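First up is the structure itself, then whatever we jot down about it.
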Amino acid sequence: MRKSPKEIELENEILTRLSGKPAMAASLIFNDEEAQSLQNYANVVSI
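Right, dumping it as structure tokens:
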């Protein structure tokens, strides 16, 4: 799935503020296709 430029910018900003295990966890979530699909579905359902 493609991410919008704004989404990429926000993820990068979050990752720069984190370090250690929280940064690793956030990175895993940001790069997880299933998590991305669930987020996209949640966004569609909430509209």
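Read left to right, the sequence shown gives residues 4 to 50 (our numbering). We put the beta carbon where it would ideally sit given N, CA and C, even for glycine. Since the structure is predicted, the reported quantities are computational estimates derived from the model, not experimental observations.
Nearest-angstrom Cα separation, counted from L18 out to A26: 6 Å
Distance between Q39 and I33 (C-alpha atoms, nearest Å): According to the sequence as given, residue 33 is Phe; it is not Ile. If I take the Cα positions, the gap works out to 7 Å.
Helix, strand or coil at S30 [DSSP, three-state]: Looking at S30 - three-state DSSP - the assignment turns out to be helix.
Expected contact under 8 Å - CB spacing of A29 and L21 to nearest Å: 6 Å
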